[in-house]
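Residue numbers (the numbering used here), protein chains in the order written: chain A, 1 to 252; chain B, 253 to 504.
Ideal Cβ positions, reconstructed from N, Cα and C, are used throughout, including at glycine.
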DNA sequence: ACAAAAGTGTTGCCGATACACCCATGA
DNA sequence: TCATGGGTGTATCGGCAACACTTTTGT
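Next comes the structure, spelled out in structure tokens:
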């Protein structure tokens, strides 16, 4: 898909505010993050963008997410807003934009200081069609453990996202949108282990998950593996939603 | 303290971004929130303000907090950024500013759509000197259960803050900055009960708190009460800090 | 002396952990 | 048939909730 040179309708964009997304996917037992590579450079960045003046921040995130992945159905979570003054320091935006054929004056609001709202998304890897934009020539997955150099404070943003996701794991269900519709218990366990970066006991994991009561076991099994064929499970949507809203371990 | 009419140095302010603070205090076994009353109106609002162009968002929050309370030592937590387009709808800012003697043109950036970053603060009630600003004539505490009408989406902001504080309680210590330096176990328990809006068992609370290992029991007791005099406790700062950073119940 | 509040201890349940055995499958 | 991974069961431990008794203090 070719990306047209955007019209850069400055009036349409809300200045001083931006969005950055940490898009998590799960593939081959790895937790991955979707990154963009900027043309004529060695830098990678998180997918992100601007908010239109007549658009809510959340709507902007969904728009950006769809542009980069083709997906609308994702789990989305705002986790932090980054407001340091030196977030974008040492970045010559004017030169960058000039490279791309935009002749902007030095005082353009796009070069102004920007506060960015961080969101993380959980998406189904196989459904994603990674799509670069006009400024980037590659959009691909990276293992969360081996991220490349990132521009601005994007490293910090990605780390905070992972940290928040880990915490989410302890009081909310995770897995829907990140796994395919049907999955096996070992697959779900691998997901948890990858996010937590920690091994878990197979049997206890099994029991605990079932105890949460958000899984539905199907009659089918996954064959083709080199060993005993595991059962397939599916999330019970209503119960999953309920667990998401209420959380668990909220006692005290 | 008289508040001077501010110079409204528009150039100094970062447009489209603002801050709102939910300042929690604890007094007479009530959890309270500090609110401002606007002159010539019936509306109350959360303390908030603008970020200067050369100031980080966090620094702005500390500045605003100090202006309204006189305090610098507070527990501060960013909890959400509110980015709906209709947050400030139905508000005639031009008229309001005109009331205050500012003759601003309709297109002034101050009237523009604004994304607000929500923080909550925990402060020691007795140390606070509530101070209104130029636009407000009263700054006082309200019981969190009986808030008045609030402007904009401030009700929603306050509720989300309380909700986040409740969650914090389950994986981090709370109490420092909210209680005086020395306090009794029943007082700490009341604080927890008030935040959770739920009664707790005295003995189990006692044990659990001590088990966290963040308290230091003093020799003194609080006399004067009509009954058996309770011990005084104090937070063990280093251990408290450690618990804040590491949290508890993060197992999986 | 009595009521009310505070300090401390005991029991039992439940959930989480640690660990063992059996079964299915492909090579 | 054997190695590997997957399904299921059990014993134990620890934390938390439920609960009772004693002590202190002011009136």
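- With a beta-carbon spacing of about 5 Å, residue 119 of chain A and residue 61 of chain A fall inside the 8 Å limit used to define contacts.
- If you draw a straight line from the Cα of residue 337 of chain B to the Cα of residue 437 of chain B, it is about 46 Å long.
- For residue 448 of chain B, the nearest CB of chain A lies under 8 Å from its own CB, placing it at the interface with that chain.
- A direct Cα-Cα distance of roughly 53 Å separates residue 224 of chain A from residue 461 of chain B.
- Taking 7 Å as the upper bound on Cβ-Cβ separation, chain B lies near residues 78, 80, 81, 83, 84, 85 of the region 65-94 of chain A.
- Close to residue 58 of chain A, with beta-carbon spacing below 7 Å, are these residues of chain B in chain order: 335.
- Per the C-alpha coordinates, the member of A:56, A:227, A:23, A:153 positioned closest to residue 71 of chain A is A:23.
- In the three-state reduction of the DSSP assignment, residue 267 of chain B falls in the strand class, which pools E and B.
- Within chain A, the residues whose beta carbon sits less than 7 Å from that of residue 268 of chain B are 14, 15, 16, 17, listed in sequence order.
- Your pair residue 181 of chain A and residue 234 of chain A checks out as a contact, with CB atoms roughly 6 Å apart and the cut at 8 Å.
- Residue 87 of chain A sits buried, since 16 or more C-beta atoms from the chains shown fall within 10 Å of its C-beta.
- The region 149-163 of chain A and the region 77-84 of chain A touch, with three or more beta-carbon pairs separated by less than 8 Å.
- Residue pairing from DSSP places residue 232 of chain A in a beta bridge opposite A:184.
- Contact annotation: in the region 236-249 of chain A, residues whose CB is within less than 7 Å of a CB in chain B are 249.
- Within 10 angstroms of the beta-carbon of residue 427 of chain B lie 16 or more other beta-carbons, which makes it buried.
- Each of B:299, B:496, B:268, B:463 was checked against the Cα of residue 389 of chain B, and the nearest Cα belongs to B:299.
- Residue 121 of chain A sits in a strand when the DSSP states are folded into three classes.
- Burial is judged here by how many other beta carbons sit within 10 angstroms of a residue's own beta carbon; residue 267 of chain B has at least 16 and is buried.
- The DSSP assignment places 154-171 as complete runs of the alpha helix (DSSP H) inside the region 138-188 of chain A, in order along the chain (cut-off: 4 residues).
- Residues of chain A whose Cβ lies closer than 8 Å to the Cβ of residue 365 of chain B are, in chain order, 14, 53.
- Using beta-carbon distances, residue 283 of chain B does not count as an interface residue toward chain A, since no partner is under 8 Å.
- When only Cα atoms are considered, residue 58 of chain A and residue 104 of chain A end up about 29 Å apart.
- Cα atoms of residue 499 of chain B and residue 351 of chain B: separation of roughly 48 Å, rounded to the nearest angstrom.
- For residue 426 of chain B, no CB of chain A lies under 8 Å from its own CB, so it is not counted at the interface with that chain.
- Taking a beta-carbon distance threshold of 8 Å, residue 274 of chain B does not count as an interface residue toward chain A.
- Rounded to whole angstroms, the gap between the alpha carbons of residue 264 of chain B and residue 106 of chain A is 18 Å.
- If you draw a 10 Å sphere on the C-beta of residue 480 of chain B, you find fewer than 16 other C-beta atoms in it, and that means exposed.
- At least one beta carbon of chain B lies nearer than 8 Å to the beta carbon of residue 170 of chain A.
- Burial of residue 405 of chain B is indicated by the presence of at least 16 other C-beta atoms within 10 angstroms of its C-beta.
- Beta-carbon to beta-carbon, residue 109 of chain A and residue 17 of chain A are separated by about 11 Å, too far to satisfy the 8 Å threshold.
- Scanning the region 318-352 of chain B from its first residue to its last, the whole alpha helix (DSSP H) runs of 4-plus residues come out as 345-351.
- The alpha carbon of residue 452 of chain B has as its nearest neighbour, out of A:226, A:33, A:252, A:218, the alpha carbon of A:252.
- Not a single CB atom of chain A sits nearer than 8 Å to the CB of residue 394 of chain B.
- In the DSSP assignment, residue 50 of chain A forms a beta bridge with A:18.
- When rounded, the separation of the alpha-carbon atoms in residue 238 of chain A and residue 217 of chain A is 15 Å.
- Interface with chain A (8 Å Cβ-Cβ cutoff): residue 375 of chain B is excluded.
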